[in-house]
Amino acid sequence: MSAAADGSRFGYIMDLLERGKVTIKNIERELICPACKELFTHPLILPCQHSICHKCVKEILFTLEDSFTDGGSESSNQSSPRIRIHSPSMDRIDRISRSGRKRNSLTPRTTMFPCPGCRHDIDLGERGISGLFRNLTLETIVERYRQAARAATAIMCDFCKPPAQESTKSCMDCSASYCNECFKVYHPWGTVKAQHEYVGPTTNFRPKILMCPEHEMERVNMYCEICRRPVCHLCKLGGSHANHRVTTMSTAYKTLKEKLSKDIEYLISKESQVKSQISQLGLLMKETECNGERAKEEASQNFEKLFDVLQEKRSVALRAIEASKNLRLEKLQTQIEEYQGLLENNGLVGYAQEVLKETDQSCFVQTAKQLHVRIQKATESLKSFRPAAETSFQDFVVDVAKQEEVLGDLSFYSSGLGVPEINEEKSKMYNKAVISWECPGKADSADIYVLEYRKLNKDEESVTWQEIEVCSKSKVISDLDNNSSYAFRVRGYKGSICSPWSREVILHTPPAPVFSFLFDDKCGYNSEHLLLNPRRSSVESRAGFPLLLGAERIQVGCYTTLDYIIGDTGIAKGKHFWAFHVEAHSYLVKVGVASSAKIQEWLHNPRDVTSPRYEQDSGHDSGSEDTCFESSQPFTLVTLGMRSFFIPKAPAAPKDSASRILPMPSCIGVCLDYDKGKVGFYDADHMKCLYERQVDCSGIMYPAFALMGGSGIHLEEAIAANYLEYQDDI
13 MSAAADGSRF GYIMDLLERG KVTIKNIERE LICPACKELF THPLILPCQH
63 SICHKCVKEI LFTLEDSFTD GGSESSNQSS PRIRIHSPSM DRIDRISRSG
113 RKRNSLTPRT TMFPCPGCRH DIDLGERGIS GLFRNLTLET IVERYRQAAR
163 AATAIMCDFC KPPAQESTKS CMDCSASYCN ECFKVYHPWG TVKAQHEYVG
213 PTTNFRPKIL MCPEHEMERV NMYCEICRRP VCHLCKLGGS HANHRVTTMS
263 TAYKTLKEKL SKDIEYLISK ESQVKSQISQ LGLLMKETEC NGERAKEEAS
313 QNFEKLFDVL QEKRSVALRA IEASKNLRLE KLQTQIEEYQ GLLENNGLVG
363 YAQEVLKETD QSCFVQTAKQ LHVRIQKATE SLKSFRPAAE TSFQDFVVDV
413 AKQEEVLGDL SFYSSGLGVP EINEEKSKMY NKAVISWECP GKADSADIYV
463 LEYRKLNKDE ESVTWQEIEV CSKSKVISDL DNNSSYAFRV RGYKGSICSP
513 WSREVILHTP PAPVFSFLFD DKCGYNSEHL LLNPRRSSVE SRAGFPLLLG
563 AERIQVGCYT TLDYIIGDTG IAKGKHFWAF HVEAHSYLVK VGVASSAKIQ
613 EWLHNPRDVT SPRYEQDSGH DSGSEDTCFE SSQPFTLVTL GMRSFFIPKA
663 PAAPKDSASR ILPMPSCIGV CLDYDKGKVG FYDADHMKCL YERQVDCSGI
713 MYPAFALMGG SGIHLEEAIA ANYLEYQDDI
């Protein structure tokens, strides 16, 4: 495309701007800093291509640095904070600089922060803020906007005698504004000042010169196509852009200007289409409003039906209680009247006293017989007093627990949204909990999920659910209590529609905080028999010449040696838990703990040959097991192998070994309570203790393992949470 064509296109666009089809006031939202929500002040271009005020960048970095200093190591484990600054001020920066902190030119030491525009973490590198370009174009547009906003307040001439005249131009070299007459006086023809650069009236006299951030004395004159940023000739010759493909600034200017012009032309040509779509959106808004009112009316009617049912139930219950109350009061009142007749000079007693006055014997006997029976009954009632009616209304208590739960789950429901199912195989507890779920294949997938969990506590039956919104189909949960059971459930939401709750899944946390370590490849490690993976998280025993050379000894009833390996980190106090997997095909594996003293003794006096028959917990029955427990092996271990877990035999236990053999769990855990001198072995999948015993915790205790034959051990890896909490909107 020729330069003339390019110029005509640019002139066409500027003509549209001048005719008011695209006014400066319509772009106000593009000129607002995403951090302070005010017009940009000295904007800088971030690596994500968003702009932010220079003072806002410093304020964010200082805030992050202060939070890291206050939070210590705990803050380092959290995801990047999301900070929004509403009114940053240079006063805070000045205050921080006066507080005695040693910073280089008020530049924060922290260089990683979240972009307020896109929420992605930005790394400013070693140069920090000084490595960012000024967005001079945006600065100019903001200044034009400010001038348009204060058009009623004119910029006055700086050199007129009172009264000052309105300025018509500003000199960028003199940093002053002039009216026509003063400009002629101070910039006469034929002088050096006549060559000064002048623009329309302005208050922004910052030089529009883009300097290289890495080479402060050099102007940028090239454009790096790899990094997509302007560079100077020193950057290309020996700097960080030496091997990058660069082009001249004029070529980049022409190319980008042509692209931007085409984009603007395309948008302007689609003006009628945009207006049509705006009209369509307006109709959709009206339709949405009508449908929303209709949905509100239908929901109100449904709730009115529920209210009517509850009102009817309420009336029936109250009538039943009122009738029962009146009947009981009537019975109690009758009983009161009967007892009042037993009082002297009242009722039965008074009547009996009058009967006693009868002197005719036949008449007295006739009347007294019936009266005697009545008095006997009254006397018996006095001996065993029982109220005529119950005062309690326990039979009329309304149980609404189930109804409350149903009403609590009352929401918009669609049968098309499938019920999520928590995958128990992928969900597990270790140092944290990872909960994964799936949805039925044919059902609609949800836009968002709500995961709820609660701690199961026998003392507190009504523990409230804790709720987490999740965009994916898995979630890592931290800060769970040790040695506790938790119930989890999940439901899906699609707009305002939700699915029923999934089936509750109960998982158990470890009995103690998780202890992290790797296999030690130096202390007693036999590289001829054992093979470590590069990460030192798994170990396998491998066959080789030493095993072949031991074949002759095997023929005479003796077995090959156990190969020991320990963890690279020790325990000196507290309670700790670790877990691992043992290969199902493993012949013989021992796991447990070892003290530093026992390790030193074992290293100085290694055992060349060990017979499993004479080892306390090898799984082989022997009478000598009870007497040589500590001397038979250097460490406190239990035995696994051939898909079985062997519980060591106690001195007073019966000789039947069948009761000491359990199926080998897929994941085994060890819990060491250093302070109490106890070690326990767990089924780590269900956190169930299989065997526990006392252990001598003298010195530093290390996780210990031993392998023989074809065996393999894999340490349980910690659950890592590395989920982004924002959408990729760049």
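Numbering-wise, the sequence shown is residues 13 to 742 according to the numbering used here. Backbone N, C-alpha and C define an ideal beta-carbon position, used for all residues, glycine too. Only a predicted model underlies this, so the values are computations on that prediction, with no experimental measurement involved.
{"Asked": "Please state whether DSSP places Arg158 in a helix, a strand or coil.", "Found": "helix"}
{"Asked": "Give me, in chain order, the residues of the same chain whose beta-carbon lies closer than 8 Å to that of Phe315; leave out the 5 immediate sequence neighbours on both sides.", "Found": "none"}
{"Asked": "Quick one: is Gly681 buried, meaning 16 or more other Cβ sit within 10 Å of its Cβ, or exposed?", "Found": "buried"}
{"Asked": "By DSSP's criteria, Val707 is part of a beta bridge. Which residues make up the other side?", "Found": "Val707 is not bridged to any residue."}
{"Asked": "Within this structure, are the beta carbons of Glu595 and Gly724 separated by less than 9 Å?", "Found": "yes"}
{"Asked": "Excluding five sequence neighbours on each side, which residues of the same chain lie with their C-beta closer than 6 Å to the C-beta of Arg115?", "Found": "Low confidence applies to Arg115: its pLDDT is 38, below 50, so where it sits in the model is not reliable enough to give any reading."}
{"Asked": "With a 10 Å radius around its C-beta and 16 neighbouring C-beta atoms as the bar for buried, classify His588 as buried or exposed.", "Found": "buried"}
{"Asked": "Could you tell me whether the Cβ atoms of Leu652 and Val605 are closer together than 9 Å?", "Found": "no"}
{"Asked": "Any contact of the segment 146-155 with the segment 188-204, i.e. 3+ C-beta pairs under 8 Å?", "Found": "no"}
{"Asked": "Assuming Pro128 and Pro46 are in contact, meaning their beta carbons sit under 8 Å apart, how far apart are those beta carbons, in whole angstroms?", "Found": "4 Å"}
{"Asked": "Return the CA-CA distance between Ile489 and Ile447, expressed in angstroms with no decimal places.", "Found": "8 Å"}
{"Asked": "Which parts of the segment 672-709 are runs of the beta strand (DSSP E), unbroken and 3 residues or longer, counting only runs that do not cross its ends?", "Found": "673-675, 680-685, 690-695 and 700-706"}
{"Asked": "Select from Gly579, Val328, Arg241 and Ser598 the residue whose C-alpha is nearest the C-alpha of Ile57.", "Found": "Arg241"}
{"Asked": "Where does Trp449 fall in DSSP's three states?", "Found": "strand"}
{"Asked": "Look at the Cβ atom of Tyr465, then the Cβ atom of Arg501, and state whether they are nearer than 9 Å.", "Found": "yes"}
{"Asked": "Using 8 Å as the Cβ pair cut-off and three pairs as the minimum, do the segment 222-242 and the segment 250-258 touch?", "Found": "yes"}
{"Asked": "Am I right that Ile509 and Leu429 are in contact with their C-beta atoms under 8 Å? What's the rounded C-beta distance?", "Found": "6 Å"}
{"Asked": "Kindly give me the distance between the Cβ atoms of Cys169 and Cys191, rounded to whole angstroms, as I take these residues to be in contact under 8 Å.", "Found": "4 Å"}
{"Asked": "Using only the alpha-carbon positions, how far apart do Phe693 and Leu600 sit?", "Found": "17 Å"}
{"Asked": "What is the DSSP secondary structure of Gln657, reduced to helix, strand or coil?", "Found": "Going by the sequence as given, residue 657 is Phe instead of Gln. In this structure, Phe657 counts as strand in the three-state DSSP scheme."}
{"Asked": "Taking the alpha-carbon of Val197 as reference, which of Cys172, Leu419, Lys248 and Ala311 has the nearest alpha-carbon?", "Found": "Cys172"}
{"Asked": "Give me the Cβ distance between Leu144 and Pro225, rounded to the nearest whole Å; I'm assuming they're in contact under 8 Å.", "Found": "7 Å"}
{"Asked": "For Ser262, which residues of its own chain have a beta-carbon under 8 Å away from its beta-carbon, when the five flanking residues on both sides are left out?", "Found": "none"}
{"Asked": "With 16 as the cutoff for other CB atoms within 10 Å, does Thr648 come out buried or exposed?", "Found": "buried"}
{"Asked": "Shortest alpha-carbon distance to Met676 belongs to which of Ser598, Gly689, Leu615 and Gln706?", "Found": "Ser598"}
{"Asked": "Helix, strand or coil: how does DSSP classify Leu360 here?", "Found": "helix"}
{"Asked": "Can you tell me whether Cys48 is buried or exposed? The criterion is at least 16 other CB atoms within 10 Å of its CB, across all chains shown.", "Found": "buried"}
{"Asked": "Three-state secondary structure (DSSP) at Cys186?", "Found": "coil"}
{"Asked": "Buried or exposed: which applies to Lys298, given that a residue is buried once 16 or more other Cβ atoms fall within 10 Å of its Cβ?", "Found": "exposed"}
{"Asked": "Exposed or buried, what is Ile480 when buried is set at 16 or more other beta-carbons lying within 10 Å of its beta-carbon?", "Found": "exposed"}
{"Asked": "Taking the alpha-carbon positions, what's the Gln323 to Gln382 distance?", "Found": "54 Å"}
{"Asked": "May I have the straight-line CA-CA distance separating Lys369 from Thr391, to the nearest angstrom?", "Found": "22 Å"}
{"Asked": "Cα-Cα, which of Leu318, Tyr157, Leu543 and Gln61 is closest to Glu50?", "Found": "Tyr157"}
{"Asked": "Could you name the residues that DSSP lists as bridge partners for Gln478?", "Found": "Tyr465"}
{"Asked": "Just checking, does the segment 510-518 make contact with the segment 709-718 on the three C-beta pairs under 8 Å criterion?", "Found": "no"}
{"Asked": "Mind reading off the beta-carbon distance from Gly586 to Tyr686? Whole number of angstroms is fine, and I expect it under 8 Å.", "Found": "6 Å"}
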